[in-house]
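**Q**
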Amino acid sequence: MIKLIPVEKLQPGMFIHDLNCGWMEHNFVRNRFAVDDEKTVEKVLALGTHEIYIDTGRGLDVIDAPTLEEAAHKVDEQIEAIATSTAKPIEPVSLADEVQRAKTLHREANVIVRNMMGDIRLGKQIELEKIEPLVSQIVDSIFRQQDALLPLSLLKNHDEYTFQHSVSVCTLMTSFARALELPREIIHEIAIGALLHDVGKAKVPDEILNKPAKLTDAEFDKMKSHVVQSKLILMGTPGISDIALDVAAQHHERFDGTGYPNKLKGDKISLYGQMGAIVDVYDALTSNRCYHKGRPPTEALRKLLEWSKFHFKPELVQAFIRTIGIYPSGSLVRLESGRLAVVQEQHTDKLMQPSVKVMFHTKGHYLTPELVDLRHSQDRIVAHESFEDWKIDPAQWQPA
49 MIKLIPVEKL QPGMFIHDLN CGWMEHNFVR NRFAVDDEKT VEKVLALGTH EIYIDTGRGL
109 DVIDAPTLEE AAHKVDEQIE AIATSTAKPI EPVSLADEVQ RAKTLHREAN VIVRNMMGDI
169 RLGKQIELEK IEPLVSQIVD SIFRQQDALL PLSLLKNHDE YTFQHSVSVC TLMTSFARAL
229 ELPREIIHEI AIGALLHDVG KAKVPDEILN KPAKLTDAEF DKMKSHVVQS KLILMGTPGI
289 SDIALDVAAQ HHERFDGTGY PNKLKGDKIS LYGQMGAIVD VYDALTSNRC YHKGRPPTEA
349 LRKLLEWSKF HFKPELVQAF IRTIGIYPSG SLVRLESGRL AVVQEQHTDK LMQPSVKVMF
409 HTKGHYLTPE LVDLRHSQDR IVAHESFEDW KIDPAQWQPA
C-alpha cells in the first residue's frame, strides 16, 4: 500500500515510493528506493520536502498515514473547489484569428532565445532592444487570446529544451500576471524576466545540462549555480528592471525557505519571484527530458497544489490553476464516450468544461475531427492522458 507521510517520520526499514519533489530538486539515482540507514534519512531530510510517499508492502508502515488514494481525493476536492469558484469572464478575440500569428511568434521567439544564449556563451552582453519587441508581441498575443499561444508551451524537444522552456515560462507568466490583473507595464517587465530567467544556464556545460542520468553532487551544485549566474548577467544588462531581476533571481526560492540560492522565506520572496517559482516548476514537470518523462498537465497541477502546503503560497497556486484551466489548453483528455480530445479553449466560468477537439477513439481508430464545446454536450472529461502513451504527435493536434 502507498501512503503519504511527514518526512519527519521516515526511518530505516521504510521503502520510499516517491520523493514527492521535482526530478531536478534531488540527485538520488532513483525516485524509489529502500531506506537502509540514518545517513539516507538525513539526505532525504536535507532535500527540504515535507511529505513523501512510502510503500508499506516493501518496508515499514505508519499506521495512521493516509493512503495515496485518500491524499489524491483531498487534492481533487480542492481542484473541484477552484474550478467552481467565481471568475471574471474575459472576452478574447476568436481562437481562429490568433492561432497562426501565435505559431509564427512562438517559432521566432525560440530562435531569438537560442541566438541570445549563444551570444552569452561568447561573452556578449544581452541587448534588451532585441528582446523588447518580442516580449511586447507575446504580451499582446496573450491579451488577445491566450489559448492560441499557451498550448505551444507543451511542444518541446530534448535538444532545444533550455530555449523552449524560457519561451514557455514567459508565455505562462504573462497569462498568470494578466489573470492577477497587474498593470500592463508591470506585466511587460515580468515577461522580460521570465524570458531571461535561465540565461545563467549558458554558463553551465552542455554535458551537465543534457546529461541523461542523475547528476553527481558537484554537477548538481554547478547546475544550481545558474540562478546566481542569471542574476549576475542581468545585473550587467543596461535597462533591466528590478521586477525582471526578481523573476530570474528568485524562481528557485521556496515559500518555506527550502529553496536556493538564498533560502528566502515567505514574503521576503517578491510576488514576481513567487510567480516564477510556480510557473517554472509547472513547465518543468510537464516537459519530457532525456532523464524523465513529463507529467500530463492536470497531474502537474495536482502536484503544485499538493506542494503549495509548503513550497508555494496556496492562493497563488490556485490563481495559476484558474489562469490555465483545470485541463490546460493543448492537453490530451479522455471523454466519457471513450473518445480522446485535445483541449482547445478555456471558459473561465466553466473550467471543467472547456472546448475540445475530438480526433481519436480509445478503441484505436481515428475519428473525423470535431470541435466540441463541453458546456453544451452530454459528454464530459473523465481523465487526462499522455500523448506518448497513445503514440500521438501533439503537434498535429494543436489549433489550426
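Heads up, the sequence shown is in the numbering used here, so the first residue is 49 and it goes up one at a time.
Don't be surprised by glycine CBs; every beta carbon is placed ideally from N, CA and C.
#1: Given this structure, state the Cα-to-Cα distance separating residue 262 from residue 88, to the nearest angstrom.
#2: Which residues bound the alpha helix (DSSP H) around residue 224?
#3: Residue 405: which of 398, 378, 198, 314 sits nearest, CA to CA?
#4: Residue 406 bridges to which residues according to DSSP?
#5: Could you tell me whether the Cβ atoms of residue 194 and residue 204 are closer together than 8 angstroms?
#6: Mapping the DSSP letters down to three states, classify residue 431 as helix, strand or coil.
#7: If distances are taken between C-alpha atoms only, which option among 383, 208, 160 comes closest to residue 186?
#8: Could you give the first and the last residue of the continuous beta strand (DSSP E) run that contains residue 53?
#9: Alpha carbon to alpha carbon, what distance is there between residue 393 and residue 425?
#10: Are there 16 or more other CB atoms within 10 angstroms of the CB of residue 342, so buried, or fewer, so exposed?
#11: Could you pull the DSSP bridge partners for residue 340 from this structure?
#12: DSSP on residue 451, reduced to helix/strand/coil?
#13: Hey, how far is the Cα of residue 173 from the Cα of residue 281?
#14: Cutting at 8 angstroms between CB atoms, please list the residues of its own chain near residue 178, excluding the five before and the five after it.
#15: Secondary structure at residue 274, three-state DSSP: helix, strand or coil?
#16: Measure the alpha-carbon distance for residue 285 versus residue 431 and round it to whole angstroms.
#17: Tell me which residue opens and which closes the alpha helix (DSSP H) that residue 369 is part of.
#18: In whole angstroms, what is the alpha-carbon distance linking residue 147 and residue 154?
#19: Which of the three DSSP states, helix, strand or coil, is assigned to residue 119?
#20: By Cβ distance below 6 angstroms, which residues in the same chain neighbour residue 317 in space, the five residues on each side in sequence not counted?
#21: Could you tell me the distance, in whole angstroms, from the CA atom of residue 171 to the CA atom of residue 244?
#22: Compute the distance between the beta-carbons of residue 215 and residue 150, then report whether it is under 8 angstroms.
#23: Can you tell me whether residue 53 is buried or exposed? The criterion is at least 16 other CB atoms within 10 Å of its CB, across all chains shown.
#24: How long is the line joining the alpha carbons of residue 274 and residue 162, rounded to whole angstroms?
#25: Compute the beta-carbon to beta-carbon distance between residue 55 and residue 98, rounded to the nearest angstrom, for a pair I have assumed lies under 8 angstroms.
#26: Just checking my contact of residue 403 with residue 422 at CB under 8 angstroms: how many whole Å lie between their CB atoms?
#27: Using a Cβ-Cβ cut-off of 8 angstroms (strictly less than) and excluding sequence neighbours within five positions of residue 331, which residues of its own chain qualify?
#28: Quick one: is residue 184 buried, meaning 16 or more other Cβ sit within 10 Å of its Cβ, or exposed?
#29: Only counting the same chain, and skipping five residues up and downstream in sequence, which positions put a Cβ closer than 6 angstroms to that of residue 358?
#30: For residue 326 versus residue 268, is the C-beta distance shorter than 8 angstroms?
#31: Below 6 angstroms CB to CB, which residues in the same chain sit around residue 354 once its five sequence neighbours on both sides are set aside?
#32: Between which two residues does the alpha helix (DSSP H) containing residue 303 stretch?
#33: Check this for me: beta carbons of residue 294 and residue 321, under 8 angstroms apart or not?
**A** This is what the structure holds:
#1: 17 angstroms
#2: 209-227
#3: Of 398, 378, 198, 314, the residue nearest in Cα terms is 378.
#4: 389, 418
#5: no
#6: strand
#7: When each option's Cα is compared against that of residue 186, the closest is 160.
#8: 50-54
#9: Cα to Cα, residue 425 sits roughly 15 angstroms from residue 393.
#10: buried
#11: According to DSSP, residue 340 shares a beta bridge with 337.
#12: Absent from the structure is residue 451, since the part of the chain shown begins at 49 and ends at 448.
#13: A direct Cα-Cα distance of roughly 8 angstroms separates residue 173 from residue 281.
#14: For residue 178, where only same-chain residues beyond five positions count, the Cβ hits under 8 angstroms are 160, 164.
#15: helix
#16: 46 angstroms
#17: 362-372
#18: 11 angstroms
#19: helix
#20: 298, 301
#21: 16 angstroms
#22: no
#23: Buried is the label assigned to residue 53, since at least 16 other Cβ atoms lie within 10 Å of its Cβ.
#24: 17 angstroms
#25: 6 angstroms
#26: 7 angstroms
#27: 201, 213, 216, 217, 220
#28: exposed
#29: 98, 304
#30: no
#31: Around residue 354: 123.
#32: Counting along the chain, residue 303 falls outside any alpha helix (DSSP H), and DSSP gives it neither H nor E.
#33: yes
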